[in-house]
Structure formats: C-alpha cells, structure tokens
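Take a look at the structure below.
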Amino acid sequence: MSNSIRPLVAGNWKMNGLAAALGEIDALKSKLTASAGVNAEVVICPPATLLERMSTATAGSPIATGGQDCHTASSGAHTGDISAQMLVDAGAQFVIVGHSERRADHDEDNGTVRAKAEAAIEAGLIPIICVGETETDREAGNANAVVGEQLAGSVGDKLSPHGLVIAYEPVWAIGTGKTATPDDIADMHAHIRSLLVERLGAEGEGARILYGGSVKPGNAAEILATANVNGALVGGASLKADDFFAVIAAA
Ligand code: PGA
756 MSNSIRPLVA GNWKMNGLAA ALGEIDALKS KLTASAGVNA EVVICPPATL LERMSTATAG
816 SPIATGGQDC HTASSGAHTG DISAQMLVDA GAQFVIVGHS ERRADHDEDN GTVRAKAEAA
876 IEAGLIPIIC VGETETDREA GNANAVVGEQ LAGSVGDKLS PHGLVIAYEP VWAIGTGKTA
936 TPDDIADMHA HIRSLLVERL GAEGEGARIL YGGSVKPGNA AEILATANVN GALVGGASLK
996 ADDFFAVIAA A
C-alpha cells in the first residue's frame, strides 16, 4: 500500500534565492515538460520574498509552491511573521512546519509545530510536518523514541482533506553530506508508519512519509526505492534545476 502512494518531492530553498534564482524554475519547468515519465508530485518552498513570483512563474506547470513556515494565528500583531492564509494568498499549496532549523533556531516545540500544522490545514494548505533525531539521540539508541514523541506532539487531531505529509530528517544528515543507511531509513519509516496508522487509521495508511537529509542525484534512487519512503525533502540539491530534476526523475 504505502509504496503505491504517489511520491512527493519537495524542495526547501531555506534562506537562499534572489530574483535571479527564478531562472532555475524556468529550467526545471522545461525539463519537466520535456520528460513524459515523471511520476512524482513536485513542490518548491522558496523564501517568502519569492513565493508570489514563483507561484506566478509555475502556474499551469507541474510545480506547486509552498512556504517554509507559518504562524499559528491567522492575523494579528506578530511582527515579521507570516500566516498560513498569507501563504495561500501568495499561491502556496503546501507549508513546511517544524523543520529542525526552526525547532533549533526559534525554540519551536512540538505544541507550536502542531498549532502551526493545524493553522495550515485550516487555511487549506498541506503541512509537511518535520521530525528527526539528533546524532546524540541516535548514538544513545533513542532515535525511535525521540521521533515517536515528536510525532505524537506535532501531529494534531485535525485531519487534512488533502492528506498528511511527514518528513523524517535526521538532524545530523541535514546539509552534512551524510545520509542514514537504507536499513536505518527503512526501520524509521516503518516505525513512523505504524505510529501514524495506530493514531489515525486510514489517514495514516495514506500519509506520505518523505526522507530528508543530503538527498542528491547520486543517492536519490536508492533512498526513494526504500519501503515506506514516499518522496523526499531536498535542501541544497533543490537549488539547481539539473540536480533537482535528477532527484524528481528518480522518484
Ligand atoms: P539538505 O537539507 O538536503 O541540504 O540536507 C534538507 C532539509 O533540511 O530539508
């Protein structure tokens, strides 16, 4: 069942990209249009400053857009923050919540991530809810427990009419060039699947569980062929059309 789910390949540009980077979107669109065999759904989450322009540039193409974070509230006195409705207004269909960089840099805990995911669902967005253990957690044998706790706290009871997306990103694999072994990925994704099914039933069966952390053209095929891996969340390799297309084509 879970490997028959249509894969989702999501690009996370993080705090990278000025207007000139939109040229990569034109290149990616041309590659996707020219290739008949692409199976994956594709989304790019650019910095907020590029979201509306990217949504305009990708309209009518197979590329959807998403935000990298949203506030828990729909509007109000929150200087510098962006609500889920604002992301929708700028053309987004997805939003990443609870990325480990947000959890670490902005002290976001599971309750905050859950409230953000619920705000996203309320606004009609599909949240990509991130979880993942640190190297210390893994070395201590606590990876499953830590990820289980993050899932329990970050995934709310509000069901998404458009489906649930979880991204498993071991913190030590992000931007480091290190990736988890295929066996470790398979074990963790099976663990996440069983927790989701236990908690949510059919929604858990159909949820997409993405792997993230140094996914690149050279390792994408093996990772994406792993049981219960239903796509990838790609940072560095999503910034260049050639690399990102190679990951998409591997799904
Ligand atoms: P990376 O980032 O692919 O550059 O490791 C992944 C992520 O943080 O989403």
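Residue numbers for the sequence shown, in the numbering used here: 756 to 1006. Backbone N, C-alpha and C fix where the C-beta goes; we use that ideal spot for every residue, glycine too.
Any non-hydrogen atom of ligand 1 within 8 Å of residue i CB
i       : result
Ser909  : no
Glu856  : yes
Ile884  : no
Val989  : yes
Lys784  : no
Glu924  : yes
Ser810  : no
Gly967  : yes
Gly772  : no
Val970  : yes
Ala1006 : no
Thr936  : no
Gly930  : yes
Ala992  : yes
Lys995  : no
Reduced DSSP category for residue i - H, G, I as helix; E, B as strand; rest coil
i       : result
Leu1017 : Because residue 1017 is not part of the residues shown, which for the chain are 756 to 1006, the question remains open.
Pro882  : strand
Gly821  : strand
Met756  : Caution is warranted here: a pLDDT of 43 is assigned to Met756, below 50, making its placement in the model unreliable, and the coordinate value is therefore given only provisionally. Correct three-state label for Met756: coil.
Ile929  : coil
Leu914  : coil
Glu863  : coil
Leu994  : coil
Leu988  : strand
Val797  : strand
Range covered by the alpha helix (DSSP H) that runs through residue i
i      : result
Glu890 : 890-894
Arg857 : 855-860
Asn808 : Note that residue 808 is Arg in the sequence shown, not Asn. Run containing Arg808: 803-813, per the alpha helix (DSSP H) assignment.
Val902 : 898-909
Ile837 : It is not in any alpha helix (DSSP H) - Ile837 carries neither H nor E in the DSSP assignment.
Val970 : Premise fails: Val970 is in no alpha helix (DSSP H) and is neither H nor E.
Contact check, residue i vs residue j, beta carbons under 9 Å
i      : j      : result
Leu951 : Val984 : no
Ala795 : Ala980 : no
Lys995 : Gly968 : no
Ala945 : Leu955 : no
Ser855 : Ala839 : no
Leu988 : Glu958 : no
Ile876 : Gln848 : no
Residue i - containing beta strand (DSSP E), residue span
i      : result
Arg963 : 963-967
Ala765 : 763-767
9 Å Cβ cutoff, residue i in contact with chain C
i      : result
Gly772 : Considering every chain present, this structure includes no chain C. It has just one protein chain.
Check: residue i C-beta below 8 Å from any heavy atom of ligand 3
i      : result
Thr813 : With respect to ligand 3, the structure offers nothing, as its ligand set consists of ligand 1.
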